[in-house]
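Start counting the sequence shown at 17; every next residue gets the next number (this note's numbering).
The beta-carbon is built from N, C-alpha and C at its ideal position, and this holds for glycine as well.
The model shown is predicted, which means the values in this text are computed figures rather than measured ones.
Notes for the one structure printed next.
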Amino acid sequence: MSFRNNAFYMFILVIGTLADANLLSADDVERSLIGYSSELSLRPGDTVDFMVSAMEGGSYEADLVRVINGDNKSIYADQFLVDPIKASFQGRYEGKEQPLNTGSYVHIEDASALDGLTSFTIAAWIFPTFDPTEYTPPDLNNIDPFNPPSLNIAESISHQTIVSRYDATNGSGWALQIDENYQLRFLSGDQSVTISEKVKDWDWAYVAVSYNANTGAASVYLLEKPWAAGDKFTARNLKASGSLDVSHAGPMRIAAVRGGAGAAAAELERPALAFNGRIQDVRIVNRVLTGSELDALAAETVPASLAEAVVANFDFAREMTSDRAIDISASGLEGKIVNAPERGVRGTFFHGTSVNWTQAPDEYDAIGFHADDLYDAEWSADFSYTIPGDLRSGIYAARLKQGDFVEYITFFVAAPRGKPGADLALWISDYNYLAYSNISIGATAAKNYPGHNFNFDDIEFMRANPTYATGGVYNQHVDGTYYAWGSRLRPDLGMKPGALVYNFVQDTHITAFLENEGIAYDIITDELLDEEGLELLQQYRAVLSSTHHEYVTTGHFDMVDEYTHNGGRFIYTGGNGWFWSVGRLPAYPAALESRNFHEIGERVLTDGTQGGLMIETGRKSGVVFGVEMAAMIFNGSSPYRKLSDAENPRVSWLFEGTTEGDVFGDYGIDRVNGGVVGFETDKYNPGNGVPRHALHLATSEPMRPKIEDVKLSTLPLVIAYHPASDDMWAGADVVFFETPNGGAMFSTGTICWFSSTLEGGFKNDVAQITRNVIARFLDPAPFPAVQEGEVMDVNRVPANPEYEHADQQ
17 MSFRNNAFYM FILVIGTLAD ANLLSADDVE RSLIGYSSEL SLRPGDTVDF
67 MVSAMEGGSY EADLVRVING DNKSIYADQF LVDPIKASFQ GRYEGKEQPL
117 NTGSYVHIED ASALDGLTSF TIAAWIFPTF DPTEYTPPDL NNIDPFNPPS
167 LNIAESISHQ TIVSRYDATN GSGWALQIDE NYQLRFLSGD QSVTISEKVK
217 DWDWAYVAVS YNANTGAASV YLLEKPWAAG DKFTARNLKA SGSLDVSHAG
267 PMRIAAVRGG AGAAAAELER PALAFNGRIQ DVRIVNRVLT GSELDALAAE
317 TVPASLAEAV VANFDFAREM TSDRAIDISA SGLEGKIVNA PERGVRGTFF
367 HGTSVNWTQA PDEYDAIGFH ADDLYDAEWS ADFSYTIPGD LRSGIYAARL
417 KQGDFVEYIT FFVAAPRGKP GADLALWISD YNYLAYSNIS IGATAAKNYP
467 GHNFNFDDIE FMRANPTYAT GGVYNQHVDG TYYAWGSRLR PDLGMKPGAL
517 VYNFVQDTHI TAFLENEGIA YDIITDELLD EEGLELLQQY RAVLSSTHHE
567 YVTTGHFDMV DEYTHNGGRF IYTGGNGWFW SVGRLPAYPA ALESRNFHEI
617 GERVLTDGTQ GGLMIETGRK SGVVFGVEMA AMIFNGSSPY RKLSDAENPR
667 VSWLFEGTTE GDVFGDYGID RVNGGVVGFE TDKYNPGNGV PRHALHLATS
717 EPMRPKIEDV KLSTLPLVIA YHPASDDMWA GADVVFFETP NGGAMFSTGT
767 ICWFSSTLEG GFKNDVAQIT RNVIARFLDP APFPAVQEGE VMDVNRVPAN
817 PEYEHADQQ
């Protein structure tokens, strides 16, 4: 799924309008439990911890279930099925509330090298991005359908810290901050010196405080250094002076202060008064500086004349893939970067040498901090579970019960390493789940998605507790920028039975089908494939994708390519797949990083690989899967119509036993109009590298006009003309082709394929086609040779942007 924003428009043409619908009311069962697990991907012998927060305390029950069908919201809700399994942790536990403590920052535990400072100057470059005095909460009952907001914690933000040795619990120590009025101040104990004019957001400024211990005089400086030449003409140099007492003690922090006890399993005190924006080149000097010296300190490198006086100099270009902040001064302070702020982002000295931070790290030497970042909730575990050797591979969940409320904590169990339990693997898209974690569109823009089956209890909970609607790449920070990652070390309201019928829940429609048919399968995951590589795929004769394999690494993409080259048979039963290039954060491996909504200059991931669209990495989905992303539609789905290729003898087995005729699949989970072609779809585009012998078996019946066309292009811009053409690019197609060594690819072109198999208790043509494909793909018999006349002469000249002028109408 992709929402309207400037970064997305730079690469994809999206045309359409969104429909309206009435929101459903939530049930009356109030949430009392929430939790997460220490791991998602496990094998027999591995141990997983379960972290639970009981909002009002009290005891709760826990047991283990195997998740067969996690859908209790759609038209097929009566087929919801979780199967209780005996487990060692089954029992009653005493619950406790555990909070989410958000805010990214740098923590320097041992700052004793600075304890002897008397007079000093503290300075840093800042690029602040959130002014709370200008924030207006969105009217969630009257949202702009083309710019829906995210839930956020903006109303909780007041002061924002740049550098500190300050304890907010007792008001001791000092901090250089932007205060609640968006004015720069230096705070020491209960005394402060403040510049009366507001800081400008969304541009660079050099800020500093100089303190003279002999006189007690402190001067605070705000020196605006904007990027644009025009803005430099109006830039301000501001200063405020006053008297106060300063003492040095305790740890030092960049972008936050110490806020008292952290979560139950936290090593550090929780962050408070956290910064929003970028910080660079935090430097401390052991004396008061003159104006010219302060200007010199602001340079890319510290001048020789000041080098001996510098007692701290944090260079964020060093060890970019680690969680360490490197002090290159003689003090050698050790900084730990907490809650995964953004690395590899442009600093004030960006010269445009490269748009790849790995090629010019000194130009990407800022860190982007946010008060709503949270990588690891650091809750204490209530219970643990070691996966038994005889537990069948599958989707499992710890089921929690307190009164009438029921919650699930999901995890995935693979077969023992190197010992597959089946010939078929179901590839779970856990990275996609992390990208969509805690997505808040249901709370802010449900009317835009009338076809969806929402969990309105969860929506009401997120509205009341917006901290739980943070993270995941479809939510926005308080400053309006998108999160760059989603983490599994915190609760996720979307990855559980009973959640929004999308992603995870739709993937359980696959397991429901496989279990109904008695087809043996193993679970594999994105995370396991990252760790074990192609070897894991090649253990299986056939592999089923998830319904929405949108967020994948280039390694995943290449594995499928090589797997099918080597004779593997792949069944792509989804839509909008293989679309974004993502990676894991090297220093925070439980987080999935995606820079899909970032500017062009910052689309290289922290691990150094190219982020953004998969086509930005030079990979086309048509080459491997036979289809490409083409549409999003959430206000009514459509059926498929067979094409002439469906009669080709090469696929005589594929439609055996079907009874619906040329048009099939006019049923499914879309609330407006059920159909197999729904939500997000992929189409056959022979010019996009599709194998020349591919069979185009079926195409979507006319799709509803309120649709979002998604057209992959070759340039990072969109050119639109009015009046626009009425041509609709959107569509969906079913494609089949053979690959070397007995391999094959079957692509369904739609997220909703497996959801439609549930119709009539799996007695329908979509289910029958699926049976046929799985059976044939598991049959080791080779596919017959393709006749020469079936290899098409295809024009593969790269597509150009379509220029359409009004006078051509």
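| Item | Value |
| --- | --- |
| Within its chain, find whatever has a CB closer than 6 angstroms to the CB of Ser-69; leave out the 5 residues flanking it on each side and keep chain order. | Ile-50, Glu-113, Gln-114 |
| Among Val-494, Lys-722, Asp-538, Phe-752, which one has its Cα closest to the Cα of Pro-466? | Lys-722 |
| Hey, would you say Ala-221 sits closer than 8 angstroms to Leu-238, going by beta carbons? | yes |
| Return the first residue and the last residue of the alpha helix (DSSP H) that His-572 is part of. | 570-581 |
| Output needed for Ala-783: all residues of its chain with C-beta closer than 6 angstroms, excluding positions within five of it in sequence on either side, in chain order. | Thr-773 |
| In its own chain, which residues sit with a C-beta less than 7 angstroms from the C-beta of Val-807, not counting the 5 before and 5 after it? | Arg-708, His-709 |
| With distances taken from CA atoms, which of Leu-550, Val-559, His-581, Gly-583 is nearest Thr-570? | Leu-550 |
| Between which two residues does the beta strand (DSSP E) carrying Met-268 extend? | 268-270 |
| Using C-beta distances below 7 angstroms, list every residue in its chain close to Ser-347, excluding the 5 sequence neighbours before and after it, in chain order. | Ala-129, Val-327, Ala-328 |
| Ala-606 to Lys-658, Cα distance in whole Å? | 43 angstroms |
| Compute the Euclidean distance between the alpha carbons of His-738 and Met-744, then round it to the nearest angstrom. | Caution is warranted here: a pLDDT of 49 is assigned to His-738, below 50, making its placement in the model unreliable, and the coordinate value is therefore given only provisionally. Cα-Cα distance, rounded: 15 angstroms. |
| Please classify Gln-176: does DSSP put it in a helix, a strand, or coil? | strand |
| Assign Thr-622 to one of two classes, buried (16 or more other C-beta atoms within 10 Å of its C-beta) or exposed (fewer than that). | buried |
| In chain order, what residues of the same chain lie with their CB nearer than 6 angstroms to the CB of Gln-106, ignoring the 5 residues before and after it? | Asp-79 |
| Confirm, please, whether the CB-CB distance from Ala-382 to Arg-362 is below 8 angstroms. | yes |
| DSSP state of Gly-360, grouped into three classes? | strand |
| Can you check which of these residues, Phe-136, Asn-168, Asp-131, Leu-200, is closest to Pro-144 by C-alpha distance? | Leu-200 |
| Rounded to a whole number of angstroms, what is the C-alpha to C-alpha distance between Ala-234 and Gln-176? | 20 angstroms |
| Going by DSSP in three states, Pro-287 sits in which element: helix, strand or coil? | strand |
| Count the other CB atoms within 10 Å of the CB of Gly-11; is the residue buried (16 or more) or exposed (fewer)? | This structure leaves residue 11 out entirely; the chain is present only between 17 and 825. |
| Is it right to say Gln-555 is buried, meaning 16 or more other beta carbons lie within 10 angstroms of its own, or is it exposed? | buried |
| Under three-state DSSP, which class holds Arg-82? | strand |
| Can you list, in chain order, the residues of its chain whose CB lies under 8 angstroms from that of Pro-404, leaving out five sequence neighbours each side? | Pro-60 |
| Quick check on Asn-38: buried or exposed, where buried means 16 or more other Cβ atoms within 10 Å of its Cβ? | Here the model assigns Asn-38 a pLDDT of 35, short of 50, so the residue's position is not dependable and the matter cannot be decided. |
| From Asp-420 to Val-45, what distance separates their C-alpha atoms? | 7 angstroms |
| Three or more C-beta pairs under 8 angstroms: does that hold for the stretch 473-486 against the stretch 452-459? | yes |
| When you compare the CB positions of Ser-445 and Gly-642, do they come within less than 8 angstroms of one another, or not? | no |
| Please give the ranges of any beta strand (DSSP E) in the stretch 362-398, keeping only runs that are unbroken, at least 3 residues long and fully inside the region. | 382-385 |
| Given this structure, state the Cα-to-Cα distance separating Ile-173 from Thr-497, to the nearest angstrom. | 16 angstroms |
| Within the same chain, show all residues whose beta-carbon is closer than 6 angstroms to that of Asp-392, passing over the 5 residues directly before and after it, in chain order. | Leu-505 |
| Can you tell me the Cα-Cα spacing of Asp-473 and Asp-331, whole angstroms? | 46 angstroms |
| Starting from the C-beta of Tyr-484, find all residues in its chain whose C-beta is less than 8 angstroms away, skip the five residues before and the five after it, and write them out in chain order. | Ile-50, Leu-116, Asn-454, Phe-477, Met-478, Pro-507, Leu-509 |
| Ignore the nearest five residues each way along the sequence and tell me which others in Gly-674's own chain have a CB closer than 6 angstroms to its CB. | Here residue 674 turns out to be Thr, not Gly, going by the sequence shown. Excluding sequence neighbours, Thr-674 sits near Asp-781, Gln-784. |
| Specify, as a first and last residue, the run of the alpha helix (DSSP H) that Lys-248 falls within. | 245-249 |
| For Met-67, which residues from the same chain have a beta carbon less than 6 angstroms from its beta carbon, with the 5 sequence-adjacent residues on both sides left out? | Gly-51, Tyr-52, Trp-395, Ala-397 |
| Can you check the stretch 420-452 for any alpha helix (DSSP H) of at least 4 residues that lies completely inside it and give the ranges in chain order? | 446-451 |
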